[in-house]
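Peer 1: Using full-length UniProt numbering, the letters of the sequence shown map in sequence onto residues 1 to 609.
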Amino acid sequence: MWRLPSTRAVLRGVRTAVEQRSRTEAAPEKAAGAMERAVVRCVPSEPKLSLSFALADGSHKNMQRDQSEPLGRALSRIATNALKGHAKAAAARKNRKNRSNASGGAACAGSGSETAAICEPVVKLYYREEAVAEDVLNVDAWQDGAVLQIGDVKYKVERNPPAFTELQLPRYIMAGFPVCPKLTLEFGDPSGSLYRWYKEANPGAAEPEGSGPSSLSPSSPSSTWTETGVNERVYIPSNADIGLRLKLHCTPGNGQRFGPSRELESVCPVEAGPGTCTFDHRHLYTKKVTEDALIRTVSYNILADTYAQTEFSRTVLYPYCAPYALELDYRQNLIQKELTGYNADLICLQEVDRAVFSDSLVPALEAFGLEGVFRIKQHEGLATFYRKSKFNLLSQHDISFQEALESDPLHKELLQKLVLYPLAQERVLQRSSVLQVSVLQSTKESSKKICVANTHLYWHPKGGYIRLIQMAVALAHIRHVSCDLYPGIPVIFCGDFNSTPSTGMYHFVITGNIPEDHEDWASNGEEERCNMSLTHFFKLKSACGEPAYTNYVGGFHGCLDYIFIDLHALEVEQVIPLPSHEEVTTHQALPSVSHPSDHIALVCDLKWK
């Protein structure tokens, strides 16, 4: 009598076998004796399992059955579906014969009656060559490696094979820029999957009648493809690919077994790139990932699409920038290439749209070994990525400045000072700025941990006192994490602080104090003045110094971005030079066709002391 087997995998795929199989999947004839596949998805948290297979008539069946249902009922339903499929196929054959006869075509001799009775096929499930009893529950019956027989056709059951739940190519593809497919897997992972890239061989062929520009069926007679020779997740088109569409053949896997392959084609052909970009020369300093003792750190405000795509941005803020260069699909190519080319260990980003994080940054940076976390503000937010081979994420301690100031006892004293100035208090509590704090642990030395903070302070030029309050909240919270929760761990604090080196905010960070008579307490006039003295205990320095500017637009340029580091535990090994003034101003200002943001990324190599 068949019994429920152990959880040991019965069927294990091998990479070479899947590669050979995937090459023959598109062939019209299956190899003699080859079994069809029946894919079962069964997870404990869901009441139903799904069963997917193709019938002999070519139709594809997707069934949902209760996991607690006896197998016999599921097999009976399969038999009914198979019978219907045979009946439809017979009717189609009869119609074709009738049309042939009506048009004068000769009928095949001895074709027999199409009205002959069609019998319901025998449907059985076997496991280890024994029939599975029909009273066994579905959850136990459909085991990996079982064989489903429908009439004369046999199917090998694959239970929970790796599968794609999402697979997309970017809409805008440029020569010289990495193409990183967005993919989400179930029961698999990208590193265990197989990839094979193709490019169009005959882009000038005429489209089949009735098809439009979106007709992208792989079976279209106008589409023939040639292999590129690239079998990695990321493909970088060359100038020879300009004008050609791309196709990705992808087989999901988990390192032990593989699931059904999928193919997808790019919507648009590869376009020419913009030529030399502002970051190309910087990449000469970052060709390789740093050794374990170093931490290459990037801080970058990438310009949120929600701000770049407004009429105000096009006509007032960035009138010098070509409109197409402000479009997200274009800028994403530049952002991906720039960030991946830094080979960073830590990347702190500001002005990140939620969709940009999930649809663009995660696929691109994941393919280069980084993992990320996101914190929304309102319309955009913060993202921190870390290299998985160097760090594990231990914990997250993100806050909203407004919520923390109002409700966290940690900031009680600061709030008591602020309530003495009601108008200033109201303005501070209206702001939506957030702080992202991640604690990372070294994968090589578990005793080494680091507190990585990321923020984007209030932007208004007259908001100096608001930024001072926000920074006081940030530093108190970071101290709590790096001293109380994880005593003694060093701090890296990145962000767009919207403060030049001459401001009170910068003075406060570097010196550890700000006097109550500092001019920034009245940054928005006497009505909102809120004099107070503040201190913090950190010893911080700007790892990249005080560049002439990190933000360069038509009406302003100045240093607003910093990577502050803990002098007790970290030192600077190398600062990657910023683009030259000539490069920045080639197209008047930023952003431009060769630079995706109005800010410039800060990049430096830090070293544990």
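Cβ coordinates follow ideal geometry from the N, Cα and C atoms, glycine included.
From alanine 79 to lysine 124, what distance separates their C-alpha atoms?
Peer 2: 9 Å
Peer 1: Ignoring anything shorter than 3 residues, give me the beta strand (DSSP E) runs that lie fully in the stretch 268–312, in order along the chain.
Peer 2: 294–301
Peer 1: Count the other CB atoms within 10 Å of the CB of glutamate 526; is the residue buried (16 or more) or exposed (fewer)?
Peer 2: exposed
Peer 1: In three-state DSSP terms, what is alanine 54?
Peer 2: strand
Peer 1: Along the chain, where does the beta strand (DSSP E) that runs through leucine 565 open and close?
Peer 2: Checking the sequence, you will find isoleucine at residue 565 rather than leucine. Counting along the chain, the beta strand (DSSP E) containing isoleucine 565 begins and ends at 561–566.
Peer 1: For alanine 453, which beta-bridge partners are listed by DSSP?
Peer 2: Val437, Phe493
Peer 1: Starting from the C-beta of methionine 174, find all residues in its chain whose C-beta is less than 6 Å away, skip the five residues before and the five after it, and write them out in chain order.
Peer 2: Hits under 6 Å: Glu271, Gly273, Asn333.
Peer 1: Below 8 Å on the Cβ atoms is my guess for glutamine 396 versus valine 428; work out the distance and round it to an integer in Å.
Peer 2: In this structure, glutamine 396 and valine 428 do not form a Cβ contact; the two beta carbons are roughly 24 Å apart against a cut-off of 8 Å.
Peer 1: State the DSSP-derived secondary structure class of lysine 412, mapped to helix, strand or coil.
Peer 2: helix
Peer 1: Quick one: complete beta strand (DSSP E) runs, 3+ long, within the stretch 569–598?
Peer 2: 570–575
Peer 1: How close, in whole Å, do the beta carbons of proline 579 and arginine 282 come, if the pair is a contact with beta carbons under 8 Å?
Peer 2: Yes, proline 579 and arginine 282 are in contact; Cβ-Cβ is about 7 Å, under 8 Å.
Peer 1: Could you check where the beta strand (DSSP E) with glycine 554 kicks off and where it finishes?
Peer 2: Secondary structure note for glycine 554: it is in no beta strand (DSSP E), with a DSSP letter that is neither H nor E.
Peer 1: Can you give the Cα-Cα distance for proline 363 and serine 400, rounded to whole angstroms?
Peer 2: When only Cα atoms are considered, proline 363 and serine 400 end up about 27 Å apart.
Peer 1: Measuring alpha carbon to alpha carbon, tell me which of Glu120, Tyr127, Val136, Asn160 ends up nearest aspartate 152.
Peer 2: Glu120
Peer 1: Taking 9 Å as the threshold (C-beta atoms), are leucine 570 and isoleucine 492 in contact?
Peer 2: yes
Peer 1: Please classify phenylalanine 368 as buried or exposed, where buried requires at least 16 other C-beta atoms within 10 Å of its C-beta.
Peer 2: buried
Peer 1: Determine, using beta carbons only, whether valine 434 and leucine 382 come nearer to each other than 9 Å.
Peer 2: yes
Peer 1: To which residues of the same chain is isoleucine 600 closer than 6 Å at the C-beta, ignoring the five residues directly before and after it?
Peer 2: Take isoleucine 600, set aside five residues on each side of it, and the residues of its chain with a beta-carbon closer than 6 Å to its own are Thr550, Leu578, in chain order.
Peer 1: Could you give the first and the last residue of the continuous alpha helix (DSSP H) run that contains asparagine 138?
Peer 2: In this chain, the alpha helix (DSSP H) harbouring asparagine 138 covers 138–141.
Peer 1: Within the same chain, show all residues whose beta-carbon is closer than 7 Å to that of isoleucine 478, passing over the 5 residues directly before and after it, in chain order.
Peer 2: Cβ contact annotation for isoleucine 478 (same chain, cutoff 7 Å, sequence separation greater than five): Val437, Cys451, Ala453, Val491, Phe493, in chain order.
Peer 1: Decide if the stretch 338–346 is in contact with the stretch 580–592; the criterion is three or more beta carbon pairs, one per stretch, under 8 Å apart.
Peer 2: no
Peer 1: Out of Cys544, Val575, Asn531, Val122, which one is the CA nearest neighbour of aspartate 561?
Peer 2: Cys544
Peer 1: Compare the Cα-Cα distances from proline 70 to each of Val132, Asp57, Glu546, Tyr386 and report the closest residue.
Peer 2: Taking only the C-alpha atoms, the option nearest proline 70 is Val132.
Peer 1: With DSSP as the reference, please indicate the residues paired to asparagine 343 in a beta bridge.
Peer 2: Asparagine 343 pairs with nothing; no bridge assigned.
Peer 1: Using three-state DSSP, classify leucine 169 as helix, strand or coil.
Peer 2: coil
Peer 1: Can you tell me whether glutamine 350 is buried or exposed? The criterion is at least 16 other CB atoms within 10 Å of its CB, across all chains shown.
Peer 2: buried
Peer 1: Determine the closest residue to asparagine 498 out of Thr455, Ala589, Leu183, with distance taken between C-alpha atoms.
Peer 2: Thr455
Peer 1: Please report the straight-line C-alpha distance between alanine 27 and leucine 49, rounded to a whole angstrom.
Peer 2: Here the model assigns alanine 27 a pLDDT of 34, short of 50, so the residue's position is not dependable and the matter cannot be decided.
Peer 1: DSSP three-state call for threonine 184: helix, strand or coil?
Peer 2: strand
Peer 1: Assuming isoleucine 198 contacts glutamate 232 under a Cβ cut-off of 8 Å, what Cβ separation, rounded to an integer in Å, is found between them?
Peer 2: Looking at the sequence shown, residue 198 is not isoleucine but tyrosine. 14 Å between Cβ atoms; not a contact.
Peer 1: Kindly list the residues whose CB is nearer than 8 Å to the CB of leucine 294, restricted to its own chain and excluding five residues on each side of it in sequence; keep chain order.
Peer 2: Asp345, Glu573, Asp605, Leu606, Lys607
Peer 1: Can you tell me whether tyrosine 324 is buried or exposed? The criterion is at least 16 other CB atoms within 10 Å of its CB, across all chains shown.
Peer 2: For tyrosine 324, the number of other beta carbons within 10 angstroms of its own is below 16, and it is reported as exposed.
Peer 1: Going by DSSP in three states, glutamine 67 sits in which element: helix, strand or coil?
Peer 2: coil
Peer 1: Please report the straight-line C-alpha distance between leucine 440 and leucine 414, rounded to a whole angstrom.
Peer 2: 29 Å
Peer 1: Please report the distance separating the alpha-carbon of glutamate 46 from that of glutamate 200.
Peer 2: 42 Å
Peer 1: I'd like the ranges of any alpha helix (DSSP H) spanning at least 4 consecutive residues and lying wholly in the stretch 334–385.
Peer 2: 362–366
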